[in-house]
Amino acid sequence: MKFPGSHILSIDQFERGDVERLFEVADRMRPYAHRQRITRVLEGAILGSMFFEPSTRTRISFGSAFNLLGGEVRETTGFETTAIAKGESLFDTARVLSGYSDVIAMRHPEEGSVREFAQGSRVPVINGGDGSNEHPTQALLDLYTIRSELMSRGRGLDGLRIAMVGDLRYGRTVHSLSRLLLLYQPVHVHLVAPPELRMPAEITEALRSAGHEVIETEALEQGIAGVDIVYSTRIQEERFASREEADLYRGRLRLNQSVYTANCEPNTVIMHPLPRDSRAGAQELDVDLNDNPNLAIFRQSDNGVLVRMALFALILDVADQVDTHARDVNWFTERRF
Amino acid sequence: MKFPGSHILSIDQFERGDVERLFEVADRMRPYAHRQRITRVLEGAILGSMFFEPSTRTRISFGSAFNLLGGEVRETTGFETTAIAKGESLFDTARVLSGYSDVIAMRHPEEGSVREFAQGSRVPVINGGDGSNEHPTQALLDLYTIRSELMSRGRGLDGLRIAMVGDLRYGRTVHSLSRLLLLYQPVHVHLVAPPELRMPAEITEALRSAGHEVIETEALEQGIAGVDIVYSTRIQEERFASREEADLYRGRLRLNQSVYTANCEPNTVIMHPLPRDSRAGAQELDVDLNDNPNLAIFRQSDNGVLVRMALFALILDVADQVDTHARDVNWFTERRF
Amino acid sequence: MKFPGSHILSIDQFERGDVERLFEVADRMRPYAHRQRITRVLEGAILGSMFFEPSTRTRISFGSAFNLLGGEVRETTGFETTAIAKGESLFDTARVLSGYSDVIAMRHPEEGSVREFAQGSRVPVINGGDGSNEHPTQALLDLYTIRSELMSRGRGLDGLRIAMVGDLRYGRTVHSLSRLLLLYQPVHVHLVAPPELRMPAEITEALRSAGHEVIETEALEQGIAGVDIVYSTRIQEERFASREEADLYRGRLRLNQSVYTANCEPNTVIMHPLPRDSRAGAQELDVDLNDNPNLAIFRQSDNGVLVRMALFALILDVADQVDTHARDVNWFTERRF
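Protein chains in written order, with numbering that gives the first Met the number 0: chain F, 0 to 336; chain H, 0 to 336; chain E, 0 to 336.
So, in structure tokens, the structure goes:
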């Protein structure tokens with residue numbers, strides 16, 4: 000892959016060098032995302048934010064990332080029922096909409112739709128999620144977060160020890176993250192799930208073939224011991240035949256502060272793709288973890304802005320111009336933490 | 000209250016000095032809102048406009064105010080059903096969304112929700128209305144309008160004589176405005192409503208305890224005599240058990256030009272929080288008042304932009320920099336009136 | 000008509016000189032729309048994009064056009080049910096919303112609504128479609144496309160030979176385009192439609208009275224022979240009593256590459272207002288035409304941005320300042336074709 004002008008449709012496009020280049024640029028976005036500096040490098044550019052399926056946080060994360068580079072955002076949310084009902088092909092839709100912007104971020108409920116759209120688009124398209132298929136920027140921000148958290152603890156990605164917890168069968172994020180980990184030196188992966196929600200065998204085998212150590216278990220206490228990262232995920236109710244069936248699994252793998260203290264090494268990082276289920280029956284990550292400095296879930300969502308800024312900068316080939324269009328921020332930027 | 004970095008959740012936060020500081024800054028926003036000058040003081044800043052309940056005019060008023068200071072707006076309209084359905088807490092939602100902007104304006108259908116959201120937010124939050132609870136910027140723009148209209152007639156706020164007309168029981172705006180008036184020297188308040196829609200006793204008593212003169216009446220003619228301001232409000236159908244019950248009250252307190260001429264002092268100012276009900280059965284403010292120069296209802300909604308610009312400038316601490324990032328407007332700006 | 004400050008409600012406002020001025024300015028917008036240059040001439044200006052009826056592509060075309068001139072966009076999509084339900088008049092809505100922007104682009108499902116809105120607006124209003132009544136920017140971009148395509152073939156608009164094909168009875172675009180053609184020297188018009196979907200007699204007569212030659216036919220092969228432009232339109236299902244009735248007409252006037260080769264002169268331009276119906280039963284313009292360089296349908300939608308930029312520039316009186324606020328583009332702008 001080369002970035003300038005590239006579509007970003009799948010994490011399979013990325014080789015290790017691409018990931019490293021992306022993360023290095025993302026690091027350089029911190030002063031802008033943290034409001035110490037502003038840059039106007041993309042002043043005059045337009046992002047087409049085409050969310051044919053709602054996703055407030057992903058949509059706004061993309062939009063803010065583009066604004067932080069100085070660009071404008073034109074947006075659609077929800078299904079454009081009219082043109083579809085009139086029999087327009089995705090190719091035509093893409094052909095038309097790509098005349099209105101410099102780059103497009105798109106989410107769509109159907110698998111493969113973003114790739115089909117990209118074939119009609121005259122400008123680069125970033126996949127913001129196509130059904131249960133791909134959501135590459137989520138996987139990239141997850142790995143970037145693992146890297147950042149480990150770096151701040153004096154470590155690197157190689158030799159990583161990670162526990163993935165929860166619904167590993169239907170969770171798109173853990174699948175994608177696993178595929179990204181294939182690019183790295185042998186890592187230790189604990190897969191913690193009830194038998195019915197185990198990681199698909201093809202992914203487990205791919206990890207093992209790449210030389211990674213994979214341990215599968217149903218026991219949370221055992222799974223989260225001796226790892227650097229606990230990556231918790233939601234039981235996705237919508238995947239089950241009934242609410243009753245989903246309820247069988249909800250709350251089985253709850254992590255709270257006392258479980259953490261009893262089982263985790265000090266400084267074990269806690270991640271979650273969010274939203275976490277905070278209802279009484281679920282509490283995947285109990286709110287009593289909110290004061291634990293190793294709870295990285297909000298740094299993780301913040302990192303989404305850095306990674307998306309970096310992607311835009313690389314696709315539009317301005318990564319090396321960002322700092323030359325910059326100045327200090329002149330407004331109140333203190334944050335509450 | 001100090002403004003830089005403050006949440007704006009309730010008018011109870013405001014002392015008289017705060018109101019005066021706000022209005023003084025709002026005055027200085029006129030050349031920008033009136034398109035004689037533009038300022039880029041907030042270029043690079045992002046407003047998160049989170050309207051979980053629709054309100055086109057409030058939403059666009061906030062957004063335009065931010066644009067007029069040079070900033071960008073990222074927006075959500077309607078309920079983010081997905082994350083709520085997935086069991087996310089308002090704290091988490093706030094934590095995540097506050098990573099995408101420098102300040103947030105939020106409306107939500109539930110009382111107290113904006114305060115709860117603010118507790119999770121890392122950036123300042125402005126309440127754009129939370130159910131029937133608070134809508135502080137509306138009360139501030141109302142008082143700002145009263146002050147501006149009186150100033151242009153050579154008067155000040157002290158000694159103000161005001162009639163509030165209509166549904167005083169359920170009308171959020173008259174409640175908030177009354178509470179703001181407590182900050183001022185004794186004023187004369189006429190409360191004009193059917194018995195079933197009278198101002199709540201606690202507000203009437205608070206006004207009296209503060210030394211204000213309060214007169215309650217059902218008769219429009221009597222109520223609007225001898226005042227500086229007539230503040231009319233809508234009968235809120237949605238508050239009644241049935242349309243029939245609401246219809247009992249609709250149209251009872253109609254103001255038109257002949258009623259105005261017969262009862263009001265010359266130059267009595269007419270206000271309304273809008274939308275006014277212009278249907279045949281209602282006509283709270285008859286369209287024959289449109290040519291009356293004392294009809295201030297559109298100056299009132301215009302003032303919302305000034306007050307919101309001033310709030311943004313104070314919260315982000317750029318009030319004193321606005322003019323240094325300014326220049327003349329270069330496009331056609333003549334307005335039809 | 001003069002442009003600065005004008006509402007754009009109907010193509011009937013345009014005289015030939017206005018159209019020529021508009022097209023000349025649109026030509027000068029190419030370097031900006033094609034991302035060779037950016038201009039900031041409208042930096043600080045705000046477009047109110049009020050789409051009370053959904054239309055993703057028209058809405059985004061207007062918004063991008065305004066962004067390309069350096070301005071900001073505040074937007075509403077879908078019906079503002081609340082204020083309407085509360086009995087607000089379009090006059091009041093316009094009065095209020097026009098306090099938030101410098102110019103308004105508006106679409107509304109009811110005929111005449113945009114004109115009524117404009118009467119209350121204090122800023123210029125552009126009609127983005129009001130029911131089945133008018134959609135002037137579509138007609139203007141159609142004529143601009145005809146002119147551009149002919150110019151690139153060394154021709155002009157006078158003496159034009161055009162075939163309009165499909166549903167000529169209900170198609171708003173062919174009606175408006177016909178009315179624009181009245182401004183030009185005698186042209187040759189082929190009207191190709193089933194008897195039930197013929198062009199309304201008043202339009203046919205207006206064309207003939209203006210000296211134009213009009214030939215009506217049901218036969219596609221005959222109609223598309225000997226013309227410069229084939230303007231195809233969609234059978235609008237929603238106009239018929241039943242799907243069955245609409246299906247009687249769908250697919251009757253299909254154009255594909257072999258029909259084109261057999262009947263059209265070389266370089267005959269193919270246009271369509273889009274969306275084209277690409278479903279199996281319809282195929283108004285077969286996808287095998289996608290490789291035909293004379294298929295101008297995507298250049299046509301791209302031209303919408305140029306024409307809307309030109310309209311904004313003329314209404315806000317900055318047409319002659321566009322180039323003085325310009326600079327080269329610094330990001331990757333290569334397009335896929």
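Even glycine gets a Cβ: it sits at the ideal position worked out from N, Cα and C.
query                                                                                                                     : result
Chain H contact for F:Asp301 (CB, 8 Å cutoff)                                                                             : yes
Interface partners of H:Tyr99 on chain F, CB under 7 Å                                                                    : Ile59, Ser60, Ser63, Val304
Option in H:Glu71, H:Glu237, H:Glu283, H:Arg94 with minimal Cα separation from H:Met163                                   : H:Glu283
DSSP state of H:Glu87 mapped onto helix, strand, coil                                                                     : coil
Helix, strand or coil at E:Asn126 according to DSSP, with G and I counted as helix                                        : strand
Exposure label - E:Ala93; buried when at least 16 CB within 10 Å                                                          : buried
Reference E:Leu181, options E:Thr75, E:Gly77, E:Ala205, E:Glu243, closest by Cα                                           : E:Ala205
Backbone secondary structure at E:Ala318 - three-state DSSP                                                               : coil
Classification of H:Met150 by the beta-carbon crowding that lies within 10 angstroms, buried from 16 upward               : exposed
Within chain E, partners of H:Asp276 - CB distance below 8 Å                                                              : Lys85, Gly86, Glu87
Whole-number beta carbon distance between F:Asn126 and F:Gly111, since they are thought to touch under 8 Å                : With 8 Å as the limit, F:Gly111 and F:Asn126 do not qualify as a contact, their Cβ atoms being about 10 Å apart.
Selected residue, minimal CA-CA separation from H:His134, among H:Val268, H:Ala224, H:Leu8                                : H:Leu8
Opposing strand residues paired with H:Tyr230 [DSSP bridges]                                                              : H:Met163, H:Met270
Closer than 9 Å at the beta carbon, the chain F residues around E:Leu310                                                  : What E:Leu310 touches in chain F: nothing, since even the nearest Cβ is about 16 Å away.
Rounded straight-line distance, which links the Cα of E:Ser97 to that of E:Gln12                                          : 22 Å
Buried or exposed by the 16-neighbour rule on C-beta atoms within 10 Å, applied to H:Ile214                               : exposed
Complete runs of the beta strand (DSSP E) confined to the segment 152-197 of chain E [at least 3 residues]                : 160-164, 187-191
F:Phe65 - DSSP class collapsed to helix/strand/coil                                                                       : helix
Own chain residues within Cβ distance below 7 Å of H:Leu273, not counting five before or after                            : Ile296, Ser300
E:Leu139 versus E:Thr172 - alpha carbon distance                                                                          : 10 Å
Nearest-angstrom Cα separation, counted from H:Ser100 out to F:Ile59                                                      : 9 Å
Minimum Cβ-Cβ distance from H:Ala104 to chain E less than 8 Å                                                             : no
Pair within 8 Å by beta-carbon distance, F:His174 and F:Glu212                                                            : no
Given E:Leu41 as reference, the closest of E:Thr267, E:Val102, E:Asn289 once Cα atoms are compared                        : E:Val102
Any C-beta of chain H under 8 Å from that of F:Ala281                                                                     : yes
Neighbourhood of F:Tyr183 by C-beta distance below 8 Å, restricted to the same chain and skipping five residues each side : Arg15, Leu156, Asp157, Leu159
H:Ser277 (DSSP reduced to helix, strand or coil)                                                                          : coil
Exposure of H:Gly86, with buried meaning 16 or more beta-carbon neighbours within 10 Å                                    : buried
Environment of F:Ser257 [buried if 16+ CB atoms lie within 10 Å]                                                          : exposed
Exposure label - F:Met28; buried when at least 16 CB within 10 Å                                                          : buried
Straight-line gap, E:His33 to E:Asp322 (C-alpha atoms, nearest Å)                                                         : 14 Å
Which listed residue (E:Arg178, E:Leu254, E:Thr216) has its alpha carbon closest to that of E:Ala209                      : E:Arg178
Any 3 or more C-beta pairs closer than 8 Å across the segment 238-258 of chain E and the segment 280-294 of chain E       : yes
Cβ shell of F:Glu220 (< 8 Å), same chain only, five flanking positions each side left out                                 : Val258, Ala261, Asn262
Near-chain H residues of the segment 284-298 of chain F - C-beta to any C-beta below 7 Å                                  : Phe297
Residue-chain proximity (H:Glu110, chain E), Cβ-Cβ < 8 Å                                                                  : no
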